[in-house]
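Below is one structure, written out as structure tokens; comments come after it.
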Amino acid sequence: MSKNIILYGAILIFGIAAPFIFPAFKVQLSILCILIILAITWNVQGGEMGYNTFGNILFYGLGMYLCASVQVGMFFPLGEWTEGGGEKTFVHTPAQFFQGFAVGLAVAAVVPAIIAGLIGYSILGLRGHYFAICTLGLGVAAGEISGGIEIIGAGQGFTTPPFPNVDRLEARGEFFYFCSFIVLVFTFLAVKAIYSTRFKLVLNAIRDNEDKAEAMGIQTMKYKIIGWMISAFFCGLAGGIMGGLVGYIDSTDVAFDGREMGVFMVLMAILGGKGTLWGPVIGATLFHIFKEGFWTFFLGWQYVALGVLIVVIVIYFPEGIMGWLREKYPERFGEVVDEADRKAQVTLK
Amino acid sequence: MLTLQAVLDGLLLGVLFALIAYGMALQWGVMNIINIAQGDLVILGGYIAYFMYLYGIHPAWGVIVSPIIMYFVGVIIYKLVINKVVDRDLFISILATFGISILFMQLMNFAFGADVVLANSGYGTTMLFDNSVTLPNSKIFSAFISIVFAIGLVIYMKKSKLGRAIRATAQNARAAKILGVDTEKVYAATFGINAALCGVAGALISITFTIHPYMGLPYTIRSFMIVIVAGLGNLPGVAMSGMGLGVFEEFADYILGTEFRIGSVFLLLVLILVYRRFKLSRKREYLK
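Taken in sequence, the protein lines are chains A and B. Just so we're aligned, residue -4 is where the first sequence starts under our numbering, counting upward by one. Just so we're aligned, residue 1416 is where the second sequence starts under our numbering, counting upward by one.
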């Protein structure tokens, strides 16, 4: 136990100190935090519940648009903002900016969760690959449709309010980094707390055999919807911060980017190991390093490298890093191994 | 008269969709994989015809050349990737082919550029009903060729030795193996035939419509939708639902506007799945 506290403390201190140690990588570190949040929330859905989804991008994109729209709409007419290219006509004062951002984030988290609850009953009745394809369709449809809505910028995009510099203090990077880091810590602790309750066992029962779980008297639909709402809540938060960080929202390239971000979520969770607490964190970190490496060294060929990476991970490494470790050191994961049994296995090999 | 125009356009378009969906149904039924890269194979086939057009050959010959090249592309993809996902969870195949799809998309983007292109066949147009309905001859040509290929394939599957082996493997792979069918070869051939069908469809699309490296995913979704509506191994159903989808799309285009066309296709997929789910849940079943 004490070992764990030291580990968590070290990570927390590193997280707080990181933007000051690596000032050049503030934006990258913030994106890393967002990616970890997305991987963790995908894992609640795909890893623990066994409902592999491409649709969490829907909540991410919704959160992004909602946060920015609320932040602008609280003080200025939204239609004129998007039409006039934003910052040219209206300027947020610092107080307005932070108020708007806080309210926007709250809306960005709650509304996607409510939407997930509303559509959950229809969508979650599908299983396996039908669910996967249906959510893929949902994500892409949202992107295409939001690209045709005038008030949020349609095809030309939505510029989020620029960060106000109080007394010439350049704190944009730090602000968004700490926002995303705090949300990450919050997400991690919340998910960790959820994983220690009966709720996680119910989710695992649904993953292992839904019919049997239902026969045992578990109201599977209720738990599935709650699981999806939890995913949607944190995805929306992550999207809201990401919108402010990027500074520009485009319907298909930034917000509802089902072909990139939607697949990245799945990939990060699988790379780290589905169905573990730390797997998505490790997977997202490694993936982000890979990705930025590709972007730097294979400029122009990054997506080719990414496609190959997806195929290789999925085919040769579907258990992920945590799954591999678990196979290798089962004692560390609290599994009791019979010494004689293991020796027999070794000699057999 | 706009209605009649939309219906005819939709029917001619739907025949093409049905051809792609037939390939999807084939690989899904035989190998139990869902291929997200289906649409990208279509686009690649289209670029083959487009390049023939650029080098001065009439693009209609692409209908012959493109499937031959695409067959080998399909077999190579099978040997490299697909044979490792055949017996596994369907979601693994979805993700792996998603990777292939991203790969193809980018390679095509590098090789052919990000412009929207079309191969001009120079076929002219046909006017019907006192010039109130305009149909490009290329659309009629493409629907005709699609039907020829579909019927040819059905006869091939019924009569030839490989066709019999494919059908046997689809029914029961293990039994087929015991009775001496080389299932590995059958799978490779199935994926090759699917890619070849995509090649034909792509060549026709490059003549009638436009192609772009990123336009693949909608074709995948359309063929998936057609297959789930029609069911596996129901060829008349595939043709019917393909044409129905074509007509739906043309109407969505007219009523909602072109910018919502792709979105309405994806939304229709969601609606169909949800409808099926509610229908089955009355009997306490679910889509399998």
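Virtual Cβ for every residue (Gly too), placed ideally from N, Cα, C.
Between residue i and residue j, how many whole angstroms is the CB-CB distance? I'm expecting something under 8 Å.
i: A:L27; j: A:Y55; result: No, A:L27 and A:Y55 are not in contact; Cβ-Cβ is about 16 Å, not under 8 Å.
i: A:I35; j: A:V276; result: 7 Å
i: B:L1426; j: B:M1658; result: 5 Å
i: B:L1650; j: B:V1569; result: 6 Å
i: B:A1421; j: B:V1662; result: 7 Å
i: B:Q1442; j: B:N1609; result: 5 Å
i: B:A1611; j: B:M1467; result: Between B:M1467 and B:A1611 the Cβ distance is about 16 Å, and since that is not below 8 Å, they are no contact.
i: B:T1605; j: B:M1439; result: Going by Cβ atoms, the distance from B:T1605 to B:M1439 rounds to 12 Å, so no, they are not a contact pair.
Nearest to residue i by alpha carbon, out of the options?
i: B:F1519; options: A:E322, A:V303, A:I308 and A:R327; result: A:V303
i: B:A1558; options: B:V1445, B:I1622, B:L1695 and B:Y1486; result: B:I1622
i: B:I1515; options: B:V1500, B:V1680 and B:A1440; result: B:V1500
i: B:I1687; options: A:N(-1), A:I16, A:Q66 and A:Y125; result: A:Y125
i: A:M44; options: A:I8, A:G123, A:A101 and A:Q94; result: A:G123
i: B:A1616; options: B:S1656, B:L1419, B:V1569 and B:L1431; result: B:L1431
i: A:T48; options: A:S226, A:D206 and A:L272; result: A:S226
i: B:N1524; options: A:Y298, A:I305, A:E326 and A:M237; result: A:Y298
i: A:G42; options: A:I201, A:A210 and A:T192; result: A:I201
i: A:L121; options: A:A103, A:T271, A:E205 and A:P157; result: A:E205
i: A:A104; options: A:F228, A:A127 and A:I0; result: A:F228
i: B:F1564; options: B:I1492, B:I1479, B:P1551 and B:F1639; result: B:I1479
i: B:Y1701; options: A:S117, A:F293, A:I109 and A:I221; result: A:S117
i: A:L179; options: A:I31, A:Q23, A:G132 and A:F20; result: A:I31
i: A:F194; options: A:K217, A:K21, A:L184 and A:V135; result: A:K217
Within its chain, find whatever has a CB closer than 6 Å to the CB of residue i; leave out the 5 residues flanking it on each side and keep chain order.
i: B:A1580; result: V1596 and V1601
i: B:G1444; result: A1585, L1647 and G1648
i: B:P1628; result: M1520, M1523 and N1524
i: B:T1512; result: N1450, I1451 and A1452
i: A:W223; result: A111 and G115
i: B:Y1465; result: V1532, A1534 and S1621
i: A:I382; result: This structure leaves residue 382 of chain A out entirely; chain A is present only between -4 and 344.
i: A:T280; result: none
i: A:F158; result: R167
i: A:T130; result: T48, F49 and G50
Which value, in whole angstroms, describes the spacing of the CA atoms of residue i and residue j?
i: A:K344; j: A:Y311; result: Residue placement at A:K344 is poorly supported in this model, since its pLDDT is 49, which falls under 50; the coordinates are not used for a value here.
i: B:L1428; j: B:F1556; result: 11 Å
i: B:R1503; j: B:T1635; result: 21 Å
i: B:I1517; j: A:T88; result: 43 Å
i: A:Y324; j: A:Y46; result: 28 Å
i: A:R327; j: A:S(-3); result: 16 Å
i: A:Y3; j: A:F289; result: 30 Å
i: A:F71; j: A:V249; result: 24 Å
i: B:G1567; j: B:L1660; result: 23 Å
i: A:T291; j: B:T1418; result: 53 Å
i: A:F285; j: B:M1572; result: 46 Å
i: B:L1459; j: B:V1490; result: 15 Å
i: A:A185; j: A:I0; result: 17 Å
i: A:V306; j: A:S191; result: 33 Å
Excluding the 5 residues flanking residue i on each side, which residues of the same chain have their C-beta closer than 7 Å to its C-beta?
i: A:G315; result: I265, L266, G267, G268, K269, G274 and G278
i: A:C230; result: L33, T36, N51, F54, Y55, G58 and P107
i: A:I6; result: none
i: A:G74; result: I146
i: A:S25; result: F171, Y172, S175 and L240
i: A:I213; result: V197 and A200
i: A:G238; result: M59, C62, A63, T155 and I244
i: B:G1461; result: G1617, A1618, I1620, S1621 and I1626
i: A:W76; result: V67 and F85
Does the beta-carbon of residue i have 16 or more other beta-carbons within 10 angstroms, so that it is buried, or is it exposed?
i: B:K1554; result: buried
i: B:A1526; result: exposed
i: A:N38; result: buried
i: B:P1474; result: buried
i: A:M263; result: buried
i: A:Q66; result: buried
i: B:V1457; result: buried
i: B:S1696; result: exposed
i: A:Q40; result: buried
i: A:D252; result: buried
i: A:K21; result: buried
Measuring from the CB of residue i, is there a heavy atom of the ligand HEM at a distance below 7 Å?
i: A:K219; result: For the structure depicted, the ligand HEM is absent and the ligand set is empty, with no information on it obtainable.
Excluding sequence positions up to five away, which residues of its chain have a Cβ less than 8 Å from the Cβ of residue i?
i: B:T1625; result: V1531, V1532 and L1533
i: B:I1509; result: I1449 and I1451
i: B:K1574; result: none
i: B:L1671; result: S1679
i: B:I1560; result: V1478, V1615 and L1619
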